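In what follows, a structure is listed as structure tokens, so that the remarks can point back to it.
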Amino acid sequence: MLQNVDLLENISAYSFAIKTKSPATAKTALKRILKIIKSKNINYSEFVSFWSVVDISYSIFNKMDDKEQFKILKNITEKYIELRHGIYSTYGYTPTTLQASKDAKAHKESGNLGIYKVSKILDSCGFQKTNDESIKKFISGKKKYIESDKKGKKLFKDLLKYYKIDFKWSSKKENKMPDFLIRHKNDIYIVEHKHMKEGGGGQDKQINEIISFIGQSENNKKIYYVSFLDGIYFNLFANKLLNKGKILNQLNNIKHNLKNNQRNYFVNTAGFKKLLKNL
Numbered sequence: 000m001l002q003n004v005d006l007l008e009n010i011s012a013y014s015f016a017i018k019t020k021s022p023a024t025a026k027t028a029l030k031r032i033l034k035i036i037k038s039k040n041i042n043y044s045e046f047v048s049f050w051s052v053v054d055i056s057y058s059i060f061n062k063m064d065d066k067e068q069f070k071i072l073k074n075i076t077e078k079y080i081e082l083r084h085g086i087y088s089t090y091g092y093t094p095t096t097l098q099a100s101k102d103a104k105a106h107k108e109s110g111n112l113g114i115y116k117v118s119k120i121l122d123s124c125g126f127q128k129t130n131d132e133s134i135k136k137f138i139s140g141k142k143k144y145i146e147s148d149k150k151g152k153k154l155f156k157d158l159l160k161y162y163k164i165d166f167k168w169s170s171k172k173e174n175k176m177p178d179f180l181i182r183h184k185n186d187i188y189i190v191e192h193k194h195m196k197e198g199g200g201g202q203d204k205q206i207n208e209i210i211s212f213i214g215q216s217e218n219n220k221k222i223y224y225v226s227f228l229d230g231i232y233f234n235l236f237a238n239k240l241l242n243k244g245k246i247l248n249q250l251n252n253i254k255h256n257l258k259n260n261q262r263n264y265f266v267n268t269a270g271f272k273k274l275l276k277n278l
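Quick note on numbering that gives the first Met the number 0: the sequence shown kicks off at 0 and runs consecutively.
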């Protein structure tokens, strides 16, 4: 496939331009890559097969505007060069879909990946993990958090009683626990985290869960609910041309719940970090 040969040559050109600090050449190469990956059947190429490793969907990518595509493609290309391009250039390019699929499977099978990521964000903002501590220790200091669906499950249940939190959402979701409970001084933030890149099937169930999560409130005005949607799916809600369909309905439901529960938040990674820093 000639497009694939051209694609690989431009990836090499981009790699060389980065190493030689030639931004104009790098930009030109990236523009060519962007044009090529819109070619028919290019989604079967080694490069696009790699996208699943970095959790980017080709179908979602095609729905983005040009500016978003260019930004995302830059990140993908640089990650591809870092992890794949050098190896394949040395040993020769062969169909690598199986390798990419294997990497993606390992990535997805790490069930704690999302929890780990959120924990690292909290750690970087000065919060202390206290999964196994008593209520007395949890309420001391300014910044604490627990992984309420993991090792902190028992403490979470104790804290519900201590703070007189109803958390009615759980009973409607087969007693499901949220992912985190965060304390900043006297304020409590209960967080549900989801990582999504596409809708459909079980993914629709997940997005509906976090939308309903911010539809609850407590009599205690110090309790806040936070839905943290991680991954490329969040970008769909920022589409200014959105005027119909499932995504618009989901966005309207999010706005409705936030309007009726103004202490709650619906955030992506950047929004979550900003929320923590502004506390």
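For every residue, glycine included, the Cβ atom is placed at its ideal position computed from N, Cα and C.
Computed from a prediction, not measured in an experiment: that's the story for all the values here.
Selection from the options that minimises the alpha carbon distance to residue i
i: residue 190; options: 252, 164, 159 and 223; result: 223
i: residue 202; options: 148, 231 and 157; result: 231
i: residue 228; options: 272, 218 and 149; result: 272
i: residue 208; options: 186, 237, 178 and 220; result: 178
i: residue 257; options: 80, 245, 213 and 154; result: 213
i: residue 261; options: 216, 235 and 126; result: 216
i: residue 8; options: 235, 206, 247 and 29; result: 29
i: residue 164; options: 173, 172, 150 and 180; result: 180
i: residue 72; options: 116, 25 and 114; result: 25
i: residue 62; options: 249, 274 and 238; result: 238
Any non-hydrogen atom of the ligand MN within 7 Å of residue i CB
i: residue 273; result: In the structure shown, the ligand MN is absent, as is every other ligand, since no ligand is present at all.
Presumed contact (8 Å Cβ cut-off) between residue i and residue j, rounded CB distance
i: residue 211; j: residue 265; result: With 8 Å as the limit, residue 211 and residue 265 do not qualify as a contact, their Cβ atoms being about 12 Å apart.
i: residue 158; j: residue 137; result: 7 Å
i: residue 142; j: residue 192; result: That belief does not hold up - the Cβ atoms of residue 142 and residue 192 are roughly 18 Å apart, past 8 Å.
i: residue 69; j: residue 112; result: Rounded, the Cβ-Cβ distance is 27 Å, inconsistent with contact.
i: residue 170; j: residue 176; result: With 8 Å as the limit, residue 170 and residue 176 do not qualify as a contact, their Cβ atoms being about 12 Å apart.
i: residue 44; j: residue 74; result: With 8 Å as the limit, residue 44 and residue 74 do not qualify as a contact, their Cβ atoms being about 18 Å apart.
i: residue 221; j: residue 185; result: 6 Å
i: residue 253; j: residue 235; result: Going by Cβ atoms, the distance from residue 253 to residue 235 rounds to 12 Å, so no, they are not a contact pair.
For residue j and residue i, the rounded distance between their alpha carbons
i: residue 144; j: residue 152; result: 12 Å
i: residue 188; j: residue 147; result: 12 Å
i: residue 270; j: residue 41; result: 34 Å
i: residue 56; j: residue 15; result: 26 Å
i: residue 240; j: residue 59; result: 15 Å
i: residue 304; j: residue 195; result: It is not possible to answer for residue 304, since the shown part of the chain is limited to 0 through 278.
i: residue 21; j: residue 48; result: 28 Å
i: residue 97; j: residue 46; result: Legend: pLDDT at residue 97 = 41, less than 50; position of this residue unreliable, no value from coordinates given.
i: residue 167; j: residue 52; result: 37 Å
i: residue 277; j: residue 18; result: 38 Å
i: residue 39; j: residue 243; result: 27 Å
i: residue 81; j: residue 161; result: 49 Å
i: residue 76; j: residue 118; result: 28 Å
Helix, strand or coil at residue i [DSSP, three-state]
i: residue 191; result: strand
i: residue 228; result: strand
i: residue 31; result: helix
i: residue 64; result: coil
i: residue 182; result: strand
i: residue 213; result: coil
i: residue 222; result: strand
For this session: Jot down the residue ranges of each uninterrupted beta strand (DSSP E) in the segment 125-177, minimum 3 residues, whole runs only, in chain order.
Result: The qualifying runs are 142-145.
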